[in-house]
Each structure stands twice: as structure tokens, then as C-alpha cells.
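**Q** Chains as they are written, first to last, in this note's numbering: chain A, 1 to 99; chain B, 100 to 276.
All C-beta atoms, glycine included, are put in the ideal place defined by N, C-alpha and C.
Bear in mind the structure is a predicted one, so any value in this text is a computation, not a measurement.
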Amino acid sequence: MYAVNFLLLSAALFSIGVFGVIARRNAVMVLMSIELILNSVNLNLIAFALINNDIDGHIFALFVIAIAAAEVGVGLAMVLMIYRNRRSIALDELSEMHG
Amino acid sequence: MNAVLLASDVNVAQNVGFYIIAAIMLFAAFSVVSTRNVVHAALWLVVVLGGVAAQYILAAAEFVAVSQVLVYIGAVMVLFLFGIMLTRASIGDDTDVNNKGWGIGIPVAVVFFGVLAYSVIDAFEDAVIAEPSGAQIASSTQAISDGYLGDYLVPLIALSFVLLAAAVGAIVLARKD
Chain A
1 MYAVNFLLLS
11 AALFSIGVFG
21 VIARRNAVMV
31 LMSIELILNS
41 VNLNLIAFAL
51 INNDIDGHIF
61 ALFVIAIAAA
71 EVGVGLAMVL
81 MIYRNRRSIA
91 LDELSEMHG
Chain B
100 MNAVLLASDV
110 NVAQNVGFYI
120 IAAIMLFAAF
130 SVVSTRNVVH
140 AALWLVVVLG
150 GVAAQYILAA
160 AEFVAVSQVL
170 VYIGAVMVLF
180 LFGIMLTRAS
190 IGDDTDVNNK
200 GWGIGIPVAV
210 VFFGVLAYSV
220 IDAFEDAVIA
230 EPSGAQIASS
240 TQAISDGYLG
250 DYLVPLIALS
260 FVLLAAAVGA
270 IVLARKD
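1. Which whole-angstrom value is the C-beta distance of I37/A and A158/B, which I expect to be below 8 Å?
2. Please list the partners that I67/A has in chain B, where partner means a Cβ-to-Cβ separation under 8 Å.
3. Using a C-beta to C-beta distance shorter than 9 Å, which residues of chain A count as neighbours of D221/B?
4. Is A27/A helix, strand or coil by DSSP?
5. With DSSP run on the structure shown, which of helix, strand or coil describes A90/A?
6. What's the gap between the Cα of F19/A and the Cα of L9/A?
7. Excluding the 5 residues flanking I55/A on each side, which residues of the same chain have their C-beta closer than 8 Å to its C-beta?
8. Identify, in the order they occur along the chain, each residue of the same chain with its Cβ nearer than 8 Å to the Cβ of L43/A, setting aside the five sequence neighbours on each side.
9. Given a cut-off of 8 Å on the beta-carbon distance, is the pair M32/A and F179/B in contact?
10. Taking C-beta pairs closer than 8 Å, name the residues in chain B that I16/A reaches, listed in chain order.
11. Give the residues of chain A in contact with A158/B, contact being defined as C-beta atoms less than 9 Å apart.
12. If I follow the unbroken alpha helix (DSSP H) through E161/B, where does it start and stop?
13. Suppose the cutoff is 7 Å on Cβ atoms and the five residues either side in sequence are ignored; what does the same chain contact list for Y251/B look like?
14. When the distance is taken between beta carbons, is V138/B closer than 8 Å to I183/B?
15. Interface residues of chain A around G204/B at Cβ under 7 Å?
16. Taking the straight line between their C-alpha atoms, what separation do you get for G150/B and V28/A?
17. Between N85/A and chain B, is the shortest Cβ-Cβ distance under 8 Å, so that the two count as touching?
18. Could you pull the start and end residues of the alpha helix (DSSP H) that T134/B belongs to?
19. With a threshold of 16 other CB atoms inside 10 Å of the CB of V196/B, please say whether the residue is buried or exposed.
20. Can you give me the C-alpha to C-alpha distance between S40/A and I59/A, rounded to a whole angstrom?
21. Could you tell me which chain A residues have their CB closer than 8 Å to the CB of I119/B, listed as they occur along the chain?
22. Which same chain residues, not among the five before or five after N101/B, have their C-beta less than 6 Å away from its C-beta?
23. Considering only the beta carbon of each residue, do L80/A and A273/B sit closer than 8 Å?
24. Quick test of your reading: I120/B and I51/A, contact by CB under 8 Å. State the CB separation rounded to the nearest angstrom.
25. Below 7 Å on C-beta distance, what does I55/A contact in chain B?
26. Pick out whichever of I34/A, M78/A, I16/A has its Cα sitting closest to the Cα of G268/B.
27. Using the Cα positions of A265/B and S15/A, report the straight-line distance between them to the nearest angstrom.
28. Is the shortest distance between the beta-carbon of Y251/B and the beta-carbons of chain A less than 8 Å?
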């Protein structure tokens, strides 16, 4: 199996996730795109663990999974709070922090 | 890339499985960022996450694959569906799921992928991954636990505090009053 297979797949997933973060207006959809990015990084870590025949990649992938679970929990709580205060989760309407 | 594939170098069945799963994953990922329906985007995300778990199994990372299924497909997707349910009144297509300047994302993503693909192909041009032996695969979960309770014990404890802080923070943020 070629090493570039896994790495190119995760590069493609990462790019799709970056597009989603830029293009999406719904805050929940932006969080989904961030999940795509985190999964592509995990795929890279597992691929490097396989290439270097080292278990540390697995350990870091599990760290990233735990951090991603915490991130989704806090992110969705923030989205719910914004929805309760403004009745909308459109990100381009959240412009109070403009300079 | 190597033009000639030697049967001893490359496991054909593994490659075929990889390409099939990769094609499904890429289609599902495109659907996640292009569909107009938020619920459909969440369900396509399930396909991507399941494909990632399958790739972990192909890469001889069974424990991480099981964790992926438990944490992402089991827990995170339920959170996403709850978030969608609590923030949207209507089930159906939205007319304005994208930003006004969403087109700028296409060149950014294409350039990003180009740079990544160039550097990856430049670095690992035709490196072939040696297949791990059966004994290595069988002892990988043991090696993970040795790592967590050995070299990575302090990061593991720190991570448990991060999860505690995230749980408390989520409750504080989402509380009604």
C-alpha cells in the first residue's frame, strides 16, 4: 500500500472541510466542517503511525478524538445560547464584534 | 510514482478496498458541504465518519476505529442532531445555508489541496508501507495502554480535566437562566 494514498485522502478531506468552514452560514454546519478537518488530521496520524511502525500516532489520534468530543459539546452549547438570545444561528448576522 | 506494481510490494485487496471506501468518503464529504438540508448534512457526515473508521481498520488501528465509532457515530452525531433539532423549526431545504461570499471558498480549498498534494507527493513519492505483522496488530491495544499509563500519563490526566471543564462549561452555557 502506498503511503501517499492515506495522505492524499486526508488532504482532500481537509480541503473540503476548509471550504465548508468558509462557505457555510449555519453555525451547526460550520461545526460539522470542523469535524471533517479533525478527522482528516486523525487519518494522517494513523497513517504516520503505520508508516513509521510506531504506536504514538494511535495515542495522539485518541487524544484528538477526546478533544473533538469536548469541542463539539461546548460549541453546540454556545450555538444553543446564541439561538436563544437572537432566534438565529446565521453567522453573518453575528456582527456585534466588528471593530 | 512507481509505474510497475509488484504483487509482493502491494496488497491488491487492501488497495481496492481503500479506493472504494475513499471514493464513498469523498462523495459524502462533498455532500456535507454542498447540501441545502442541515439534517442531510448530518447524515452524510455519518457516512464520512464511518468511512474513516473503515480506513483505520485498513491501517491496522482497530482500537482507534472502535473508539471512532463509539465517540463520533455514537455520541457526537446525537449531539449534532439535538443541536439541529433545538435550533431549527422547519425540516426541509433552506434557501440561504451559504454565506454571500461563499464562492471564495472554492479557490482557497483548491489552492490548499494543491499545496498539500504537492508536498505529500514530493515527500512520499513511491514509499510503500510495510505490512504490520500479526503479532504487532494483536498487541497494538496493549501498546496503546502502555503508552497512556507510561509516557503519556500527564497528558492523559490533563485531558481528563479538559473534558471535565468542557462538561461543566457546556452545562453553564446551555442553562436557561
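**A** Taking the structure as given:
1. Working through the first sequence from its first residue, we reach residue 37/A at position 37. Working through the second sequence from its first residue, we reach residue 158/B at position 59. Their Cβ separation, rounded to whole angstroms, is 19 Å, which puts I37/A and A158/B out of contact at 8 Å.
2. Against the first sequence, residue 67/A aligns to sequence position 67. Those are L258, V261, listed as they occur along chain B.
3. As a working mapping, residue 221/B is identified with position 122 in the second sequence. Ordered by position in chain A, no residue passes the 9 Å Cβ test against D221/B, which lies about 10 Å from the chain.
4. Residue numbering aside, residue 27/A sits at position 27 when the first sequence is read from its first letter. Three-state result, A27/A: helix.
5. Taking the first residue of the first sequence as 1, we reach residue 90/A at position 90. A90/A falls in the strand class under three-state DSSP.
6. Position 19 of the first sequence holds residue 19/A. Position 9 of the first sequence holds residue 9/A. F19/A and L9/A: Cα-Cα distance of roughly 16 Å.
7. One-based indexing of the first sequence puts residue 55/A at position 55. Only A49 meet the Cβ criterion.
8. Locating residue 43/A in the first sequence gives position 43, counting from the first residue. F6, L9, S10, L13, listed in sequence order.
9. In the first sequence, the residue the question calls residue 32/A occupies position 32. In the second sequence, the residue the question calls residue 179/B occupies position 80. A contact, by the Cβ cut-off of 8 Å.
10. Indexing the first sequence from 1 puts residue 16/A at position 16. Residues of chain B passing the Cβ test: L125, A128, F129, V131, V132, A208.
11. Here residue 158/B corresponds to residue number 59 of the second sequence, with the count starting at 1. Here the neighbours are M1, F6, L43, I46, A47, A49, L50.
12. On the second sequence, residue 161/B is found 62 positions in, with the first residue counted as 1. 161-167 is the span of the alpha helix (DSSP H), which, as asked, contains E161/B.
13. Reading the second sequence from its first residue, position 152 is the one you call residue 251/B. So the list is empty, once near-sequence residues are dropped.
14. Within the second sequence, residue 183/B is the residue found at index 84, counting from 1. Within the second sequence, residue 138/B is the residue found at index 39, counting from 1. A contact, by the Cβ cut-off of 8 Å.
15. Position 105 of the second sequence holds residue 204/B. Within 7 Å Cβ-Cβ: F19, I22, A23.
16. The sequence position of residue 150/B within the second sequence is 51, counting from 1. The sequence position of residue 28/A within the first sequence is 28, counting from 1. Cα-Cα distance, rounded: 21 Å.
17. In the first sequence, the residue the question calls residue 85/A occupies position 85. Judged by the 8 Å Cβ criterion, N85/A is not in contact with chain B.
18. Locating residue 134/B in the second sequence gives position 35, where the first residue counts as 1. Counting along the chain, T134/B falls outside any alpha helix (DSSP H), and DSSP gives it neither H nor E.
19. Within the second sequence, residue 196/B is the residue found at index 97, counting from 1. The residue in question, V196/B, is buried, as its Cβ has 16 or more Cβ neighbours within 10 Å.
20. Position 40 of the first sequence, counting from 1, holds the residue named residue 40/A. Position 59 of the first sequence, counting from 1, holds the residue named residue 59/A. A direct Cα-Cα distance of roughly 16 Å separates S40/A from I59/A.
21. Residue 119/B sits at position 20 when you count from the first residue of the second sequence. Simply none; closest approach about 12 Å.
22. Taking the first residue of the second sequence as position 1, residue 101/B is located at position 2. Annotation note: pLDDT 48 at N101/B (below 50); position unreliable, no value reported.
23. As a working mapping, residue 80/A is identified with position 80 in the first sequence. As a working mapping, residue 273/B is identified with position 174 in the second sequence. In this structure, A273/B lies closer than 8 Å to L80/A by Cβ.
24. The residue given as residue 120/B occupies position 21 in the second sequence. The residue given as residue 51/A occupies position 51 in the first sequence. Not quite, the Cβ-Cβ distance comes to about 19 Å (not below 8 Å), so this is no contact.
25. By 1-based counting over the first sequence, the position of residue 55/A is 55. By Cβ distance, chain B contributes S239, A242, I243, G246.
26. Here residue 268/B corresponds to residue number 169 of the second sequence, with the count starting at 1. When only C-alpha atoms are compared, the closest one is M78/A.
27. Along the second sequence, read from residue 1 onward, the residue named residue 265/B stands at position 166. Along the first sequence, read from residue 1 onward, the residue named residue 15/A stands at position 15. Spanning the two alpha carbons is a distance of roughly 28 Å.
28. For the purposes of this step, residue 251/B is taken as residue 152 along the second sequence, with counting starting at 1. Yes, contact with chain A.
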